[in-house]
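Novice: Numbering (the numbering used here), first residue to last: 1 to 163. Next up is a structure, given as structure tokens.
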Amino acid sequence: MSFSAVTKELQGQLKSNLPQIMILLKKNPAMAYTRITEIGIGVGKKYNIQLLVNFPHENKIDEFDYYGKRDLSIIIDRQKKNFPIERQTIKEKAREIFGNAQIDDAYMYEGKEGVRVTFDGGRIDILPHSLHIWCMFDDKVSGYCDWLLSKVYDRDHSSATSS
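Quick look at the structure:
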């Protein structure tokens with residue numbers, strides 16, 4: 001599984017359900033959000049992950065063209081508190097891809113660890129159990145997230161289950 005494959009499938013599912021979502025948005029925005037969430041969960045199940053489409057700012061739910069292309073949370077294993085590779089390696093890869101991004105240790109409490117990568121246009125929060133992307137998915141973001149799923153979350157070798 002790659003981030004690129006998951007987001008491509010998510011985008012396709014959201015697009016094919018867009019007429020229904022648009023009707024729900026007019027009638028009841030909460031129901032539209034519920035439907036979007038259900039679609040994300042359905043796609044995530046195929047990859048044995050939880051996939052959450054986020055709308056961190058008011059009215060972003062009205063920006064249909066960006067569904068599945070920004071602001072996504074991927075929950076892989078809620079039990080994990082530590083990375084399977086050195087945290088420094090995760091930070092070095094971020095520096096390699098994003099250049100002058102601000103890269104910090106984050107969420108470092110109760111024996112847990114994490115990394116926050118902040119750059120023009122957004123940020124990525126990397127935790128041992130989950131990945132939170134708070135920006136548009138351009139080639140750099142997708143490439144880094146593909147690397148993370150492969151090296152940090154070891155999801156390249158997991159086979160997608162049939163639905």
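Backbone N, C-alpha and C fix where the C-beta goes; we use that ideal spot for every residue, glycine too. Here the structure is a predicted model, which is why all the values come from computation and not from measurement.
What are the residues that DSSP puts in a beta bridge with M136?
Specialist: Within the sequence shown, residue 136 is the residue found at index 136, counting from 1. Paired residues: R70.
Novice: Check whether the region 3-18 touches the region 64-77, taking contact to mean three or more Cβ pairs, one atom from each stretch, closer than 8 Å.
Specialist: A contact between stretches requires three or more CB pairs, one per stretch, nearer than 8 Å, and the region 3-18 meets this requirement with the region 64-77.
Novice: Could you name the residues of the same chain whose beta carbon sits closer than 7 Å to that of M31, not counting the 5 residues immediately before and after it, in chain order?
Specialist: In the sequence shown, the residue the question calls residue 31 occupies position 31. Contacts found: L24.
Novice: Once you ignore the five residues that flank I97 on each side, which residues in its own chain have a CB closer than 7 Å to its CB?
Specialist: Residue 97 sits at position 97 when you count from the first residue of the sequence shown. Cβ neighbours of I97 beyond the five flanking positions: K140, G143 and Y144.
Novice: Residue range of the beta strand (DSSP E) that Q102 falls in?
Specialist: Counting from one through the sequence shown, the residue named residue 102 turns up at place 102. Per DSSP, Q102 belongs to the beta strand (DSSP E) from Q102 to D105.
Novice: Below 8 Å, can you find three or more Cβ-Cβ pairs linking the region 84-102 to the region 36-52?
Specialist: No, the region 84-102 is not in contact with the region 36-52.
Novice: Using DSSP's beta-bridge definition, name the partner residues of V117.
Specialist: Residue numbering aside, residue 117 sits at position 117 when the sequence shown is read from its first letter. Answer by DSSP bridge pairing, in chain order: I103 and I124.
Novice: Could you tell me if K93 is buried or exposed, where buried requires 16 or more neighbouring beta carbons within 10 angstroms of its beta carbon?
Specialist: Mapped onto the sequence shown, residue 93 falls at position 93. Buried, since its Cβ has 16 or more Cβ neighbours within 10 Å.
Novice: Opposite Q50 in the DSSP bridges: which residues?
Specialist: Here residue 50 refers to the residue found at position 50 when the sequence shown is read from its first residue. Q50 is bridged to I75.
Novice: Assuming E113 and R87 form a contact by the criterion Cβ under 8 Å, report the distance between their Cβ atoms to the nearest whole angstrom.
Specialist: Numbered from 1 along the sequence shown, position 113 holds the residue referred to as residue 113. Numbered from 1 along the sequence shown, position 87 holds the residue referred to as residue 87. Yes, E113 and R87 are in contact; Cβ-Cβ is about 6 Å, under 8 Å.
Novice: By the 10 Å Cβ neighbour count, where 16 or more other Cβ atoms means buried, how is G44 classified, buried or exposed?
Specialist: Mapped onto the sequence shown, residue 44 falls at position 44. It counts as buried.
Novice: Have a look at I74, T7 and M136 and flag the residue whose alpha-carbon is nearest the alpha-carbon of D120.
Specialist: Indexing the sequence shown from 1 puts residue 120 at position 120. Closest option to D120, Cα to Cα, is M136.
Novice: Check whether the Cβ atoms of I75 and S130 lie closer than 8 Å to each other.
Specialist: Counting from 1 along the sequence shown, the entry for residue 75 is found at position 75. Counting from 1 along the sequence shown, the entry for residue 130 is found at position 130. The answer is yes: Cβ separation under 8 Å.
Novice: With C-beta atoms as the reference, is I49 less than 8 Å away from K151?
Specialist: The residue you call residue 49 lines up with position 49 of the sequence shown. The residue you call residue 151 lines up with position 151 of the sequence shown. No, the Cβ-Cβ distance between I49 and K151 is not below 8 Å.
Novice: What does DSSP give as the partner residue(s) for P131 in the beta ladder?
Specialist: Translated into positions along the sequence shown, residue 131 becomes position 131. For the sequence presented, residue 131 should be read as Leu rather than Pro. Note: L131 sits in a beta bridge opposite I74 and I126.
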